[in-house]
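Visitor: Please read through the structure below; I'll follow up with questions.
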Amino acid sequence: MAAAFSARGLVKRYGPVTALDGVDLGVEEGELVGLLGPNGAGKSTLVKIGCGLVRPSSGEAYVCGVRAGSREARAVMGYLAELFRFPGWATADELLTLHQRLAGSTGGESERRELLELVGLTEARARRVETMSKGMQQRLGIAQALVGTPRFLFLDEPTSALDPGGRRTVRGLLEELRRRGVAVLLNSHLLSEIELVCDRVAILSRGSIVAEGRPSELARPRGVEVDVDGGTRLFAGLGRSDVPRLVADLVAGGEAVYGVRVLETTLEEIYLEAVGEDAG
Amino acid sequence: MTGLAVIVGYALRESLRRRVFLVVLLLTAGFLGLYALGTKEAFEAVDSRSLSGPEDPFGVDDHELTGATMFGLSMFATLFLGAVLAAFLTLATVRGDAERGLLQPLVVRPVGRPVLLAGRFVAAASVCGVYVALVYAGALLITWQIGEWTPDRIVGPVVQLAAATAVIAALSLLGSVFLSATANGIAVFMVFGAGLVAGLLGQIGEALASETLTNVAETASWVLPFEALYQDGLDAITADTRGFTEAALTLGPFGGAQAAGAFLWPWTFAYLALVGGLALAAFARKDL
Numbered sequence: 023m024a025a026a027f028s029a030r031g032l033v034k035r036y037g038p039v040t041a042l043d044g045v046d047l048g049v050e051e052g053e054l055v056g057l058l059g060p061n062g063a064g065k066s067t068l069v070k071i072g073c074g075l076v077r078p079s080s081g082e083a084y085v086c087g088v089r090a091g092s093r094e095a096r097a098v099m100g101y102l103a104e105l106f107r108f109p110g111w112a113t114a115d116e117l118l119t120l121h122q123r124l125a126g127s128t129g130g131e132s133e134r135r136e137l138l139e140l141v142g143l144t145e146a147r148a149r150r151v152e153t154m155s156k157g158m159q160q161r162l163g164i165a166q167a168l169v170g171t172p173r174f175l176f177l178d179e180p181t182s183a184l185d186p187g188g189r190r191t192v193r194g195l196l197e198e199l200r201r202r203g204v205a206v207l208l209n210s211h212l213l214s215e216i217e218l219v220c221d222r223v224a225i226l227s228r229g230s231i232v233a234e235g236r237p238s239e240l241a242r243p244r245g246v247e248v249d250v251d252g253g254t255r256l257f258a259g260l261g262r263s264d265v266p267r268l269v270a271d272l273v274a275g276g277e278a279v280y281g282v283r284v285l286e287t288t289l290e291e292i293y294l295e296a297v298g299e300d301a302g
Numbered sequence: 005m006t007g008l009a010v011i012v013g014y015a016l017r018e019s020l021r022r023r024v025f026l027v028v029l030l031l032t033a034g035f036l037g038l039y040a041l042g043t044k045e046a047f048e049a050v051d052s053r054s055l056s057g058p059e060d061p062f063g064v065d066d067h068e069l070t071g072a073t074m075f076g077l078s079m080f081a082t083l084f085l086g087a088v089l090a091a092f093l094t095l096a097t098v099r100g101d102a103e104r105g106l107l108q109p110l111v112v113r114p115v116g117r118p119v120l121l122a123g124r125f126v127a128a129a130s131v132c133g134v135y136v137a138l139v140y141a142g143a144l145l146i147t148w149q150i151g152e153w154t155p156d157r158i159v160g161p162v163v164q165l166a167a168a169t170a171v172i173a174a175l176s177l178l179g180s181v182f183l184s185a186t187a188n189g190i191a192v193f194m195v196f197g198a199g200l201v202a203g204l205l206g207q208i209g210e211a212l213a214s215e216t217l218t219n220v221a222e223t224a225s226w227v228l229p230f231e232a233l234y235q236d237g238l239d240a241i242t243a244d245t246r247g248f249t250e251a252a253l254t255l256g257p258f259g260g261a262q263a264a265g266a267f268l269w270p271w272t273f274a275y276l277a278l279v280g281g282l283a284l285a286a287f288a289r290k291d292l
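Chains as they are written, first to last, in this note's numbering: chain A, 23 to 302; chain B, 5 to 292.
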């Protein structure tokens, strides 16, 4: 089966500015991949090429095996833009109906009801968009992206306007999508969010992928912290596999051990290391 | 339901539910009220003069002259209001809506860019066509009720006014691919103004018997065919008027009225296809 999304050698230039400089990235079926990077790294450009909103200068992108931007690709994907607006005069139900028609969805009212329930907007069904808070509009945007049961979703900063409760709802939603086998490319600045839900992470800096892998693969051991009578001692350079021998040596040496913590680099540290000076 | 029908339906609902439509309705009501007042005053003044004064030595029919002049004025206002509506419905269609983030969720759907643009055009042209027909009918009814005057041709001019607003909508859609909403609005009204100025130049050219001015005006009215459509429609409302009354009409606001001939409609359709093709080609290549 073809990958849900694949990019090969993607380059995008806007005049003298190179937004993407030979990006290769893949998202497998049912996989949830987080895309990280500082402002201007090229994340939104990559997502927009995937959606067919931007044409690459060179390279290729495919969605579920068909060329990104083609009618066939647009029929199997959903998209939530970073900066989006819906017509203020439309109600939530009217907006979803419009997108059902545009997507050729036959889900009807049951699909709309289910989607609004999924994003916690059941009560706002007849509310006009212009009367909704930013967070409600963002949740409606996610529901809109899910119209027509897409196989692949591009979510560009889906939680940027949400409060902590709203973010938790979206995390639950992403986990539900994973259970349903929907692949997601999630573009976000919220490292904790990416760490919690994503199978894999790609870090983009100055138009290139500078790190990629599972969060656990990217993490490096930073040492082991042990609580003993004299306080907390740090054993730098050791990892999880060294813990039994370390504890045995300490106990044999007459120390009382109260707690042990294996320290690893956090996603934030990995990110900052990967993007270097570009971080600020 | 086809993609085109979905987009047309969406654009029609948007047209009718945006506040600008209410503003246009209020402006229209204001215009028709003023038009009724002006028409009443004009006919009363002319009729009272005809009753008390001597007959015009040149045989100019004052009643005909008044009716045609007032109705010609209403056609100009109808075109202007229709142009305002056409511009407001389309000026932000591509770049303006993309900058606000309204366009992207629609473009990524399978319906595609050409259908999106075509649907927007069909909706705007339909709304403007119906609007122009209603205002035209309102002015016709007022003129007939107050002055018992009707134009020599009734259907042709209103179809031409509707087509003129469709041309303006098409130009505005083309402009929306390249320009932000405000810049496009300014550009559309400048183009509209250029068409009107061309008409006035033609009038001055005829009065001065200047072939150069007349040629410039004629060329401009074909480059901007909404002006040619308007002039031809204006000409049609007094198509059967002859003699000194016809001569008197050309000295007034009707100097701009010009019969365009059989080539007008083929050229209008070709022009719409050309503008539409340019807009589609530019939109297809545009990064959003």
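Ideal Cβ placement from N, Cα and C applies to all residues, glycine included.
Can you find a CB in chain A that lies within less than 8 Å of the CB of B:Pro114?
Guide: Here residue 114 of chain B refers to the residue found at position 110 of the second sequence. Closer than 8 Å to some Cβ of chain A, the Cβ of B:Pro114 qualifies, so yes.
Visitor: Any chance you could list the alpha helix (DSSP H) runs of at least 4 consecutive residues sitting entirely within the stretch 40 to 110 of chain B, in chain order?
Guide: The qualifying runs are 66 to 94, 99 to 104.
Visitor: Find the residues of chain B that neighbour A:Ala125, judging by a C-beta separation of less than 7 Å, and give them in chain order.
Guide: Your numbering for residue 125 of chain A matches position 103 in the first sequence. Those within 7 Å of A:Ala125 in chain B are Arg113, Pro114.
Visitor: If you compare alpha carbons, which of B:Phe47, B:Phe84, B:Ser78, B:Phe193 is closest to B:Glu68?
Guide: Along the second sequence, read from residue 1 onward, the residue named residue 68 of chain B stands at position 64. Comparing Cα-Cα distances from B:Glu68 to each of B:Phe47, B:Phe84, B:Ser78, B:Phe193, the minimum goes to B:Phe47.
Visitor: Show which residues of chain B have a CB atom less than 9 Å away from the CB atom of A:Val76.
Guide: Against the first sequence, residue 76 of chain A aligns to sequence position 54. In chain order: Asp291, Leu292.
Visitor: In chain A, which residues lie with their C-beta within 7 Å of the C-beta of B:Arg22?
Guide: Looking up residue 22 of chain B in the second sequence gives position 18. Under the 7 Å cutoff, chain A gives Trp111.
Visitor: Indicate whether at least one CB of chain A lies closer than 8 Å to the CB of B:Arg99.
Guide: For the purposes of this step, residue 99 of chain B is identified with residue 95 of the second sequence, where counting begins at 1. No - not a single Cβ of chain A is within 8 Å of the one on B:Arg99.
Visitor: Take every Cβ of the stretch 145 to 159 of chain A, pair it with every Cβ of the stretch 178 to 185 of chain A, and state whether three or more of those distances are shorter than 8 Å.
Guide: The stretch 145 to 159 of chain A, when compared against the stretch 178 to 185 of chain A, does touch it at the 8 Å Cβ threshold.
Visitor: Can you name the start and end residues of the alpha helix (DSSP H) that A:Glu116 belongs to?
Guide: Here residue 116 of chain A is taken as the residue at index 94 of the first sequence, counted from 1. 114 to 125 is the span of the alpha helix (DSSP H), which, as asked, contains A:Glu116.
Visitor: List the residues that DSSP assigns as beta-bridge partners of A:Phe176.
Guide: Locating residue 176 of chain A in the first sequence gives position 154, counting from the first residue. DSSP output for A:Phe176 lists A:Tyr101, A:Leu207 as bridge partner(s).
Visitor: Please report whether the beta-carbon of A:His211 lies at a distance below 8 Å from any beta-carbon of chain B.
Guide: Along the first sequence, one-based indexing puts residue 211 of chain A at 189. No, no contact with chain B.
Visitor: Spatial neighbours of A:Gly142 within its chain, please: CB distance less than 6 Å, with the 5 preceding and 5 following residues excluded, ordered by chain position.
Guide: Start at 1 with the first residue of the first sequence, and residue 142 of chain A comes out as number 120. Excluding positions up to five away in sequence, the list reads Thr191.
Visitor: Can at least three beta-carbon pairs, one atom from the stretch 91 to 104 of chain B and one from the stretch 65 to 72 of chain A, be found at a separation below 8 Å?
Guide: The stretch 91 to 104 of chain B vs the stretch 65 to 72 of chain A: no contact.
Visitor: Which residues mark the beginning and the end of the alpha helix (DSSP H) in which B:Lys290 is found?
Guide: Your numbering for residue 290 of chain B matches position 286 in the second sequence. From DSSP, B:Lys290 is part of no alpha helix (DSSP H); its letter is neither H nor E.
Visitor: DSSP three-state call for B:Ile158: helix, strand or coil?
Guide: Taking the first residue of the second sequence as position 1, residue 158 of chain B is located at position 154. Three-state result, B:Ile158: coil.
Visitor: Less than 6 Å between C-beta atoms, sequence neighbours within five positions excluded: which residues of the same chain meet that for A:Glu82?
Guide: Start at 1 with the first residue of the first sequence, and residue 82 of chain A comes out as number 60. Excluding sequence neighbours, A:Glu82 sits near Arg30.
Visitor: Using a Cβ-Cβ cut-off of 8 Å, state whether A:Tyr101 counts as contacting chain B.
Guide: Here residue 101 of chain A refers to the residue found at position 79 of the first sequence. Yes, contact with chain B.
Visitor: Give me whichever residues DSSP pairs with A:Phe257 in a beta bridge.
Guide: Translated into the one-based positions of the first sequence, residue 257 of chain A becomes position 235. In DSSP, A:Phe257 forms a bridge with A:Val246.
Visitor: Please classify A:Thr40: does DSSP put it in a helix, a strand, or coil?
Guide: Here residue 40 of chain A corresponds to residue number 18 of the first sequence, with the count starting at 1. A:Thr40 falls in the strand class under three-state DSSP.
Visitor: At the 8 Å Cβ level, is B:Leu29 part of the contact set with chain A, yes or no?
Guide: Taking the first residue of the second sequence as 1, we reach residue 29 of chain B at position 25. No, because no Cβ of chain A sits closer than 8 Å to the Cβ of B:Leu29.
Visitor: In chain order, what residues of the stretch 61 to 74 of chain A put their CB closer than 8 Å to some CB of chain B?
Guide: Flagged, chain order: Lys70, Cys73, Gly74.
Visitor: Under 8 Å, Cβ to Cβ, is there at least one residue of chain B near A:Arg89?
Guide: The residue you call residue 89 of chain A lines up with position 67 of the first sequence. By this cut-off, A:Arg89 is not an interface position.
Visitor: Would you tell me roughly how many angstroms separate the C-alpha atoms of B:Tyr39 and B:Ser78, rounded to the nearest one?
Guide: By one-based count along the second sequence, residue 39 of chain B stands at place 35. By one-based count along the second sequence, residue 78 of chain B stands at place 74. Between B:Tyr39 and B:Ser78, the C-alpha separation is close to 7 Å.
Visitor: Can you tell which of B:Ala102, B:Arg17, B:Ser52, B:Gln108 has its C-alpha closest to the C-alpha of A:Arg96?
Guide: Working through the first sequence from its first residue, we reach residue 96 of chain A at position 74. Ranking the options by Cα distance to A:Arg96, first place goes to B:Gln108.
Visitor: Rounded to the nearest angstrom, what separates B:Asn219 and B:Gly209 at their Cα positions?
Guide: If you number the second sequence from 1, residue 219 of chain B lands on position 215. If you number the second sequence from 1, residue 209 of chain B lands on position 205. Each residue's Cα considered, the two are about 9 Å apart.
Visitor: Is B:Arg124 close to chain A? Criterion is C-beta to C-beta, closer than 8 Å.
Guide: Looking up residue 124 of chain B in the second sequence gives position 120. Not an interface residue.
Visitor: By DSSP, does B:Val115 sit in helix, in strand, or in coil?
Guide: The residue you call residue 115 of chain B lines up with position 111 of the second sequence. Reduced to three states, the DSSP call for B:Val115 is coil.
Visitor: Contact between the stretch 273 to 289 of chain B and the stretch 174 to 183 of chain B: three or more CB pairs below 8 Å?
Guide: Touching, yes.
Visitor: Can at least three beta-carbon pairs, one atom from the stretch 118 to 133 of chain A and one from the stretch 150 to 167 of chain B, be found at a separation below 8 Å?
Guide: Too few Cβ pairs lie closer than 8 Å, so no.
Visitor: So A:Ser227 is in the beta strand (DSSP E); what residue range does that whole segment cover?
Guide: What you label residue 227 of chain A is simply residue 205 of the first sequence in a count that begins at 1. Run containing A:Ser227: 222 to 227, per the beta strand (DSSP E) assignment.
Visitor: In chain A, what lies closer than 8 Å to B:Pro118 by C-beta?
Guide: Position 114 of the second sequence, counted from the start, is the residue given in the question as residue 118 of chain B. The contacting residues do not exist; B:Pro118 stays about 11 Å from chain A at best.
Visitor: Taking 8 Å as the CB-CB limit, is A:Arg304 close to chain B?
Guide: This structure does not reach residue 304 of chain A, given that chain A is present from 23 up to 302, and the question cannot be answered.
Visitor: Select from the stretch 152 to 172 of chain A all residues with a C-beta closer than 7 Å to any C-beta belonging to chain B, and list them in chain order.
Guide: Flagged, chain order: Gln166.
Visitor: Please list, in chain order, the chain A residues whose beta carbon lies closer than 8 Å to that of B:Leu110.
Guide: One-based indexing of the second sequence puts residue 110 of chain B at position 106. By Cβ distance, chain A contributes Leu124.
Visitor: Residues of the stretch 137 to 153 of chain A with a CB closer than 7 Å to any CB of chain B: list them in chain order, please.
Guide: Against chain B - using a Cβ distance shorter than 7 Å - the stretch 137 to 153 of chain A contributes no residues.
Visitor: Could you give the residue range of the alpha helix (DSSP H) that holds B:Gly13?
Guide: Here residue 13 of chain B refers to the residue found at position 9 of the second sequence. Taken as a continuous stretch (DSSP letters only), the alpha helix (DSSP H) holding B:Gly13 covers 7 to 21.
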